[in-house]
Each structure stands twice: as C-alpha cells, then as structure tokens.
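Q: Quick note on numbering: the sequence shown equals residues 1 to 386 in full-length UniProt numbering. We put the beta carbon where it would ideally sit given N, CA and C, even for glycine.
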Amino acid sequence: MNPSLLDRVRNRLIRNLNVPPRYLGYPCLQQTASEDYCTEQGTTWCRLMDDEPGDFRLPQNIHSRTELEDSRGKYAFSFYDVPELLQLGPVAAELRDCRLLRVRSPWQNDFYAVITNDDREVVVDGCQFSPDHARLLRGRPTVRQIDSACWVGTHSTRNYFLWLFFHLPRIHLAQTHLPDVPILLPAADLLDQPRRDALQMLGVRDPLFLESADEVIEVRRLNVFRYSMFNSRVLGEIRQRLTSGLPPGRKDRRIYICREECANRRMSNETEFWNKIQPYGFERVFLEKLSFVEQMEVMASAQAVIGLHGAGFANLLFCAPGTRVAEIRDSGSPNPHFYAVASILGHDYWHFVGKPAEGKPLFRDLHVDLDALQPFLNAVSGEHPL
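What follows is the structure in structure tokens.
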C-alpha cells in the first residue's frame with residue numbers, strides 16, 4: 001500500500017473509529033481542548049482576565065490602514081490586523097492525569113506535547129504532538145512522576161522574544177494565581193544567564209526542571225495557561241516587577257540597536273546610516289554584549305530607539321510608555337510582532353522597510369533609505385533638542 005495512503009487510513013481509524021493510537025504506532029492523536037478536558041474530568045478552568053478589544057494607532061509615518069501589509073505569512077496576524085488586535089484574557093486550566101512529552105531536536109531545541117492517559121492530545125499553547133513524540137512513545141522513555149506543577153514552556157526557549165513574551169507572562173500568572181504550585185521549567189541547559197537573571201528577579205524559587213533529553217513526565221495535576229502574548233495589563237505588570245529594582249535615572253537616551261557584529265541581518269550602508277543619526281544624539285549599543293540587567297537599564301532610560309528588526313527589540317518591554325520606536329524590517333518578512341508590542345505598551349511606533357540584498361528573508365542584509373528616516377529624526381530632536 002502507498003505509504004501516504006496507509007497514513008490516511010491509520011489517521012481515520014484513530015480519529016473516526018476511536019482505534020487506540022498505540023496499536024498503530026501513534027501516527028496521530030485525537031485532540032481535545034483544555035477547557036473540554038477540564039469539564040470532562042470535573043476540574044477547574046477559569047478566565048483570569050476579560051478580553052479587551054484592540055484600538056491601537058497606526059505607525060506614525062503611515063497615514064491609512066490600507067498602507068499596512070495585510071499578508072500574514074507564517075504569523076498569526078498581519079500589520080494590517082494590529083490596530084484592532086484583540087487582547088485575549090489569559091485562561092488557567094488544571095489538567096488531571098496527563099503526560100508531558102519532551103523530545104530534543106538535532107539542533108538542540110526541545111519540543112513538547114501534552115497527552116492524556118488514554119492517548120489524546122490536549123491542545124496547549126506551545127505544545128504540539130509530532131512524529132518525534134510518537135517515536136518516544138514507541139520506545140522505552142525515561143518516565144518521571146510529579147504530583148502538581150505549572151507548565152510555562154514552549155518549543156522555542158532559546159528565542160529571546162518568546163522568553164520575554166511567552167515564558168515570563170506564564171511564570172507571572174503562575175506566581176500570581178497559583179503561588180503554592182511548583183513551576184515546571186524547560187531543561188536547565190536551555191536557560192542561559194539572562195534567563196536565569198530574569199527568574200531570580202521574579203523571585204522564582206525551587207522550580208522543577210525537565211531533565212533527560214527525551215522523557216515523559218506523568219503529572220497528576222498539570223496547570224497550564226492559554227495566553228496570547230499581547231496583553232497590556234500582563235506585560236505592564238511584568239515590566240513593573242522587573243524594572244522596579246533599577247536605580248532611578250535619565251529617560252532621554254537615544255538608542256541605536258546595532259547589528260554590525262551579528263552574523264546576519266546587518267545594515268549594508270552602516271557607515272552612512274550612523275553618520276546620519278549620530279548628530280541627533282543617538283548612541284550605538286550592542287545589546288548582545290550586555291547582561292540582562294544592563295539591557296533593561298539601557299532600554300528603560302531610552303527616549304527613542306531605532307534599529308533593524310531583531311531580538312534586541314524584544315527589550316521594548318522595558319521602555320517607558322511614549323518611547324519613540326523606529327523599526328527597519330525586511331520586505332520579505334512581514335513579522336508584525338514588534339509593531340504589536342509597541343502599540344500595546346504605549347510607544348510611538350515608526351515603520352520602515354529596508355531594501356534587501358541577495359539571500360533569504362530574515363537573514364539577508366538591508367540597505368536603509370536615509371531620507372525616509374528624516375521625519376522620525378525630526379520628531380525625536382524636536383521633542384528634546386540637543
């Protein structure tokens with residue numbers, strides 16, 4: 001039988017006729033929403049905050065919403081969607097008698113799935129059953145038992161943006177709403193010093209960690225959160241918690257997040273760009289060379305921020321509301337996340353598109369139109385002249 005046809009037959013047997021997946025090698029699993037599973041098990045799920053409709057401004061240099069790109073690409077929403085982006089209120093769910101599966105990829109990233117004892121997949125943010133999880137179940141995995149935990153991870157722990165906007169909000173929600181339940185974190189070897197510093201600043205004590213590269217965690221009560229990453233109240237609370245310990249200081253620095261020493265996505269006319277913005281009081285900062293606290297201090301002191309799209313812009317979380325932000329992105333990568341972040345955090349956002357060199361979007365260098373930057377530079381210097 002054709003392999004693809006065989007897969008379709010197996011999937012239909014599982015999804016339509018309820019054949020146990022283990023009899024067929026776990027080619028797929030039936031799915032159940034976390035709320036439905038809670039109802040079935042008689043456990044609790046609750047909405048922690050109400051949804052809030054989006055009502056955000058256009059970028060400062062965009063005059064009509066129709067000028068915003070409406071292609072979503074691989075993202076959940078587009079630039080066009082941001083002005084009306086719904087802020088979903090977080091939901092907490094207690095899943096009884098579940099298994100958390102973890103597998104490590106060849107490129108040293110971890111992927112997770114949550115399944116029930118009768119082999120259904122529970123839909124949980126940041127988790128998705130895959131052929132690697134099926135391989136794990138068919139073998140002899142390491143099994144560990146935990147009575148109760150709050151799971152806060154996703155498959156991209158190494159991604160700095162997702163660390164700040166996926167992991168930390170869930171840690172904050174766990175501490176706020178389930179303070180007596182241990183927090184279950186991804187493997188310790190995925191947590192570099194900036195991530196450990198953030199955990200310490202949030203007061204995370206005695207967390208549980210995933211351990212072996214491929215393992216199954218049997219959890220009697222697994223608490224999870226559904227959260228959209230973009231909620232002004234949650235992000236504001238995290239910003240307050242993390243920055244409250246910083247020494248009071250100036251709020252007038254003009255920061256250029258420089259990628260000149262990065263491996264990719266650099267500025268092809270770096271010298272001309274720097275000569276253009278330096279007279280307006282900008283200072284060149286290499287965030288990757290700074291500690292987590294130093295990055296917070298720099299961004300908390302900013303009056304204006306400019307740079308190419310990159311992980312450094314995740315630190316907009318620490319800027320004071322009203323900071324002027326100019327993001328320069330690749331036309332081939334319609335990633336609207338930093339526009340959404342700037343809008344939700346109350347920053348004035350400017351949107352520029354660089355001319356790409358040869359290569360793949362997100363990796364290729366960009367040439368910046370210097371004349372197009374002038375309105376942003378005028379706005380910055382007009383508010384606080386040198």
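How is A263 classed by DSSP in three states: helix, strand or coil?
A: Here A263 sits in coil by DSSP.
Q: Evaluate the contact criterion for the segment 181-199 versus the segment 145-158: three or more CB pairs, one atom per stretch, below 8 Å.
A: Segments in contact, yes.
Q: In terms of alpha-carbon separation, which member of W107, L100, S105 lies closest to D125?
A: Closest by alpha carbon: L100.
Q: List the residues that DSSP assigns as beta-bridge partners of A113.
A: In the DSSP output, where bridge partners are listed per residue, A113 has L101.
Q: Would you decide whether L386 is buried or exposed? Buried here means 16 or more other CB atoms lie within 10 Å of its CB.
A: Low local confidence applies: a pLDDT of 47 at L386 is under 50, so the model's placement there is unreliable, with the coordinate-based value given in what follows. That one is exposed.
Q: Please classify G312 as buried or exposed, where buried requires at least 16 other C-beta atoms within 10 Å of its C-beta.
A: When all chains shown are included, G312 counts as buried.
Q: Can you name the start and end residues of the alpha helix (DSSP H) that L242 belongs to?
A: Run containing L242: 232-243, per the alpha helix (DSSP H) assignment.
Q: Specify the secondary structure class of A213 as computed by DSSP and reduced to three states.
A: A213 falls in the coil class under three-state DSSP.
Q: Would you decide whether Y23 is buried or exposed? Buried here means 16 or more other CB atoms lie within 10 Å of its CB.
A: Flag for Y23 reads exposed.
Q: CA-CA distance, D132 and A326?
A: Their Cα atoms are separated by approximately 41 Å.
Q: So, for G322: in the same chain, excluding its five sequence neighbours on each side, which residues have a beta-carbon less than 8 Å away from its beta-carbon?
A: G346, H347, D348.
Q: Assign N275 to one of three DSSP states: helix, strand, or coil.
A: Helix, per DSSP.
Q: Whole alpha helix (DSSP H) runs in the segment 150-230 with 4 or more residues, listed along the chain?
A: As far as the segment 150-230 is concerned, its whole alpha helix (DSSP H) runs of at least 4 residues are 168-177, 193-201.
Q: Check whether the Cβ atoms of R47 and Q30 lie closer than 8 Å to each other.
A: No. Outside cutoff.
Q: Are the segment 60-74 and the segment 253-261 in contact at 8 Å, needing three or more beta carbon pairs?
A: No, the segment 60-74 is not in contact with the segment 253-261.
Q: Checking the sheet assignment: what are the DSSP bridge partners for L366?
A: Paired residues: M267, P356.
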